[in-house]
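Take a look at the structure set out below.
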Amino acid sequence: MSRKSQNMIKYIIKRVLLMVPMLIVVLIFTWFLSRMMAVNPYVNRIGLTMDRDVYERELKRLGYYDPWYIQLVTYLRNFFTGQWGDSYIVVPNRSVLEIISIIFPKTIELMIFSIIITPILGVKLGISSAKNRGKPKDTGIRFAAVLGAGFPVFWIATLIQRFVGLSLKTFTLGTINLEVVFGNTPGLPKPVPSGGFSTGFRILDSFFYNDQIFLWDTLLHLILPVTCMIFVSLAGLTRLTRSSMLEALDQDYIRTARAKGVLEKDVVNKHALRNALLPTSNLIIGGTAAALLGSLFIEVTFNYKGFGYYMVQSIFQGDYLLINGLLVFAIIIILTGTLVTDVMYTIIDPRIIYT
Numbered sequence: 001m002s003r004k005s006q007n008m009i010k011y012i013i014k015r016v017l018l019m020v021p022m023l024i025v026v027l028i029f030t031w032f033l034s035r036m037m038a039v040n041p042y043v044n045r046i047g048l049t050m051d052r053d054v055y056e057r058e059l060k061r062l063g064y065y066d067p068w069y070i071q072l073v074t075y076l077r078n079f080f081t082g083q084w085g086d087s088y089i090v091v092p093n094r095s096v097l098e099i100i101s102i103i104f105p106k107t108i109e110l111m112i113f114s115i116i117i118t119p120i121l122g123v124k125l126g127i128s129s130a131k132n133r134g135k136p137k138d139t140g141i142r143f144a145a146v147l148g149a150g151f152p153v154f155w156i157a158t159l160i161q162r163f164v165g166l167s168l169k170t171f172t173l174g175t176i177n178l179e180v181v182f183g184n185t186p187g188l189p190k191p192v193p194s195g196g197f198s199t200g201f202r203i204l205d206s207f208f209y210n211d212q213i214f215l216w217d218t219l220l221h222l223i224l225p226v227t228c229m230i231f232v233s234l235a236g237l238t239r240l241t242r243s244s245m246l247e248a249l250d251q252d253y254i255r256t257a258r259a260k261g262v263l264e265k266d267v268v269n270k271h272a273l274r275n276a277l278l279p280t281s282n283l284i285i286g287g288t289a290a291a292l293l294g295s296l297f298i299e300v301t302f303n304y305k306g307f308g309y310y311m312v313q314s315i316f317q318g319d320y321l322l323i324n325g326l327l328v329f330a331i332i333i334i335l336t337g338t339l340v341t342d343v344m345y346t347i348i349d350p351r352i353i354y355t
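In terms of the UniProt record's numbering, the sequence shown opens at residue 1 and continues consecutively.
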């Protein structure tokens, strides 16, 4: 095993070990935040309609009268032993881990299209903009990128809803009617095609059971949210690719290649693009965390019942166990995504060595 590989393994182990104290800090922070909410979580869990004696016994059983540090230690112990508690408002009597296992695949299906399509379109648009610098095509691409970066996600999502749901139907005299995209995706419990078993991923299930109706229903519900997520994600990637390409095209080795008579297509694709993608690749690989955060507003706007939708619902309704579970799970995904980004970056750029 090479020295670089050994250093990489040591670095990964070090980062994984550092994730544990970071996770504990996040757990403590979310626990204190949940206790600062205006809604009393214990009252929400047991209700106000029971007898006073029973009410007091339930409060004691739940640890309401324990010192705060005892409650915190109990919370940390339960988390690391897989006892994340049950939702008592948003999805009553369902465990937090079970809810996450059901709703997170829906968000993955929403994100996966954006993660695949956005880099392809973003790099293509960035290259095209750089090659046509100062021309109308460059101006149009830059203007669209500014729109995507400058306006809130929920505002863009609302505009897309308005155009597709109302204007498009009116302009085409009812020929194009996508009202189905406004319907809710099935919530809990998770739907399955005829056959019973479900992976949680509706698209995969539709292929496993050869259920075309199930597949088209899923894809129709994904059209608008995915379009919105791609449009928003394209902004930063397109601008970064453009600036990186312009910087690469001004280098001496590019002038040398042109002086030798190399075709402009080869100059751009084989020489400039390879170096321009180094800073861009960091944004592409790290796009998972950004897509997860961006899905929050998109899911709420389109009423798409995934991870972000239930995060907002749990906050609004004071379901603190579900809030803590979803937030900590999101932090784990972000920390893992950051680690994968750093590792992949060393593969793309061998000059980077971690110790």
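Note that CB positions come from ideal geometry on N, CA and C, so glycine has one too.
Got a sec, what are the start and stop residues for the alpha helix (DSSP H) residue i sits in?
i, result
"Val153", "Val153 to Arg162"
"Thr238", "Gln212 to Leu249"
"Thr139", "Pro136 to Gly150"
"Asp252", "Asp252 to Ala259"
"Gly318", "First-last for Gly318: undefined, no H or E at that position."
"Ile64", "Note that residue 64 corresponds to Tyr in the displayed sequence, not to Ile. No alpha helix (DSSP H) holds Tyr64; DSSP gives it neither H nor E."
Cα-Cα, which of the options is closest to residue i?
i, options, result
"Leu215", "Arg133, Asp205 and Met111", "Asp205"
"Arg94", "Leu339, Ile213 and Leu321", "Leu321"
"Phe231", "Glu56, Gly261 and Phe154", "Phe154"
"Ile89", "Ala330, Thr341 and Tyr310", "Tyr310"
"Gly308", "Gln317, Gly318, Thr199 and Ala330", "Ala330"
"Val267", "Tyr253, Lys137 and Leu277", "Tyr253"
"Ile112", "Leu220, Phe143, Val226 and Phe80", "Val226"
"Thr199", "Val26, Gly306, Val96 and Ile102", "Ile102"
Go ahead and pull the three-state DSSP assignment for residue i.
i, result
"Ser206", "helix"
"Asp342", "helix"
"Ser114", "helix"
"Arg94", "strand"
"Asn177", "Confidence at Asn177 is low in this model, with a pLDDT of 46, below 50, so the placement of that residue should be treated as unreliable; the coordinate-derived value is given next. Reduced to three states, the DSSP call for Asn177 is coil."
"Thr185", "With a pLDDT of only 42 at Thr185, under the threshold of 50, the placement of this residue in the model should not be trusted, and no figure is reported."
"Ser87", "strand"
"Met311", "helix"
"Lys190", "Confidence at Lys190 is low in this model, with a pLDDT of 47, below 50, so its placement is unreliable and the value that follows should be read with caution. Looking at Lys190 - three-state DSSP - the assignment turns out to be coil, as it is neither helix nor strand."
"Val262", "coil"
"Leu199", "A quick correction: the sequence has Thr, not Leu, at residue 199. In the structure shown, Thr199 sits in coil (DSSP, three-state: anything other than H, G, I, E or B)."
"Phe302", "coil"
"Arg15", "helix"
Go through its chain and collect everything with a Cβ distance to residue i's Cβ below 8 Å, but skip five positions before and after it.
i, result
"Leu72", "Ile28 and Trp31"
"Gly63", "Ile70, Gln71 and Thr74"
Closer than 6 Å by C-beta to residue i: which residues in its own chain qualify, once you throw out the five before and the five after it? Chain order, please.
i, result
"Leu249", "Ala272"
"Leu125", "Ile141 and Thr238"
"Met19", "Leu335"
"Ile284", "Pro119"
"Lys10", "none"
Quick one: what's got a C-beta closer than 7 Å to residue i's C-beta in the same chain, skipping five residues either side?
i, result
"Thr158", "Thr301"
"Pro189", "For Pro189, the pLDDT reaches just 38, beneath the cut-off of 50, and the residue's location in the model is therefore unreliable, leaving the point undetermined."
"Gly122", "Leu234, Leu237, Thr238 and Thr241"
"Thr118", "Ile230, Ser233, Leu234, Leu237 and Gly287"
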